[in-house]
Every structure is written in structure tokens, then in C-alpha cells.
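Colleague: The structure is given below, and queries will be raised subsequently.
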Amino acid sequence: MKSLKPTILSALFALGLVAPNAAFSADLPNTGTYFILNALNDQALEPLGGTPGQNVYLSEYTKSGMQKWTVTRKIDPKTKQPTNRYTIRLAGDSTKLYLAPFPAPNHTSMLDSSPSTYILQSQGDDLLIRSVDRNGDSLCCVANGTSRNDVQIQPKDETSKFQWKFVATDF
Numbered sequence: 137m138k139s140l141k142p143t144i145l146s147a148l149f150a151l152g153l154v155a156p157n158a159a160f161s162a163d164l165p166n167t168g169t170y171f172i173l174n175a176l177n178d179q180a181l182e183p184l185g186g187t188p189g190q191n192v193y194l195s196e197y198t199k200s201g202m203q204k205w206t207v208t209r210k211i212d213p214k215t216k217q218p219t220n221r222y223t224i225r226l227a228g229d230s231t232k233l234y235l236a237p238f239p240a241p242n243h244t245s246m247l248d249s250s251p252s253t254y255i256l257q258s259q260g261d262d263l264l265i266r267s268v269d270r271n272g273d274s275l276c277c278v279a280n281g282t283s284r285n286d287v288q289i290q291p292k293d294e295t296s297k298f299q300w301k302f303v304a305t306d307f
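Using the numbering used here, the letters of the sequence shown correspond one by one to residues 137 to 307.
This is the structure we're talking about:
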């Protein structure tokens, strides 16, 4: 039986029924510019400033330019099909500032000049944003008692603080 499993998987790959990194859901966003809102509080991702190392927080959703993110869906090089892997970059920025996990766990996310890869998964009407760099831990809202809530990458639980909405922009 052990020798049949690789053969069966190979056949499924060949038939296109199973594909590594494939996006099995039509609900995943395509490459574009989005506001990214937390489902718990409808606050938007927004960096404190537009330079590398700046923290990214959740702020009141105002549709400001600093709340726009360019979301790029990766394409599988073999199948040429879209995957569930993405990079997330501050929109309109010419220096390519990417959303990145803070180097230490349980710290606020930040902007970095190097891209980080995220896996997006459907969660009902919302999305889960999992960090490849953090071995699948997920982006979440952490209340800190101020007008800006923290955005951290933590092990996922079943609360809505881990769920996100991608709202397409006009730009």
C-alpha cells in the first residue's frame, strides 16, 4: 500500500486533479490594489509611515492612500495557473515596501524592502492570511487600547481577529 500512494498522487498530479500551491477557491483575490480590512473591527491595514521598518497597524477605514495595498498573486511556473500565494506591497510606492512579519514573534508587522510570501485561504466570506516566513502562522488584530490596533502574526485560533476582507480600490 505504501508504494501505491506515490503512484496515485503522481496520477492525480498528471490529471490536474491535485496541484501543489494551487488555489482551489475562486474566492481568492486576483492581482490588484485593495484595502485590507480586519473582519473583527473593519479597520484597515495602514503603516505608520512610508519607509522600511515602519510598523503596520490597523486604523479607522478612511480609504486613504496609505491604506491601499498592491496584492500580487503568484503563478505556478509549471501549470501557469494562479496559486494561493501572494506578496502584499504598499500601493503607489516606488521603493517597493512590502508587508512583512517583525523578526521577533508577537510583534507588530512592519514594512520591509524584501517581499514576504503569504498564503491566502477562504474562511467563509473572509480570508485567512498565513505567513510562509512564520511557518503558517496567521496575520491577526491585537487590541492595544489605542486608536491603532497591532497587526501581528500568531498561531491561528477560531476568532474573527484572524479573518480579513479584501476590498478592491478604484485605483
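We put the beta carbon where it would ideally sit given N, CA and C, even for glycine. In this text, all values refer to a predicted model and were calculated from it rather than measured experimentally.
Would you kindly work out how many angstroms separate the C-alpha atoms of Leu226 and Thr295, rounded to a whole number?
Modeller: Roughly 26 Å between the two C-alpha positions.
Colleague: Take Thr167 and list the residues in its own chain whose beta-carbon comes closer than 7 Å to its own, dropping the five residues that flank it on each side.
Modeller: So the list reads Val207, Thr208, Arg209, once near-sequence residues are dropped.
Colleague: If you count every other CB in all the chains shown that lies within 10 Å of the CB of Ser274, and 16 or more means buried, which is it?
Modeller: Its Cβ being crowded by 16 or more others within 10 Å, Ser274 is buried.
Colleague: Beta-carbon separation of Pro239 and Arg270 under 8 Å?
Modeller: For Pro239 and Arg270, no; Cβs fall outside 8 Å.
Colleague: Quick check on Asp286: buried or exposed, where buried means 16 or more other Cβ atoms within 10 Å of its Cβ?
Modeller: Buried, because 16 or more other Cβ atoms sit within 10 Å of the Cβ of Asp286.
Colleague: Please give the ranges of any beta strand (DSSP E) in the segment 233-298, keeping only runs that are unbroken, at least 3 residues long and fully inside the region.
Modeller: Qualifying beta strand (DSSP E) stretches, in chain order: 234-236, 246-248, 254-259, 262-267, 274-278, 285-290.
Colleague: Taking C-alpha atoms, which residue in Pro188, Lys301, Phe298 lies nearest to Asp248?
Modeller: For Asp248, the nearest C-alpha among the options comes from Pro188.
Colleague: Pull up the DSSP beta-bridge partners for Asn191, would you.
Modeller: Its beta-bridge partners are Met246.
Colleague: For Gly228, which three-state DSSP category applies?
Modeller: Here Gly228 sits in coil by DSSP.
Colleague: Mind reading off the beta-carbon distance from Ala180 to Ser195? Whole number of angstroms is fine, and I expect it under 8 Å.
Modeller: With 8 Å as the limit, Ala180 and Ser195 qualify as a contact, their Cβ atoms being about 6 Å apart.
Colleague: When we look at the beta-carbon of Pro241 and count the other beta-carbons within 10 Å, is it buried (16 or more) or exposed?
Modeller: So Pro241 counts as exposed.
Colleague: Start and end of the beta strand (DSSP E) containing Pro165?
Modeller: Pro165 -> no beta strand (DSSP E), and no H or E assigned at all.
Colleague: When we look at the beta-carbon of Asn280 and count the other beta-carbons within 10 Å, is it buried (16 or more) or exposed?
Modeller: Exposed, because fewer than 16 other Cβ atoms sit within 10 Å of the Cβ of Asn280.
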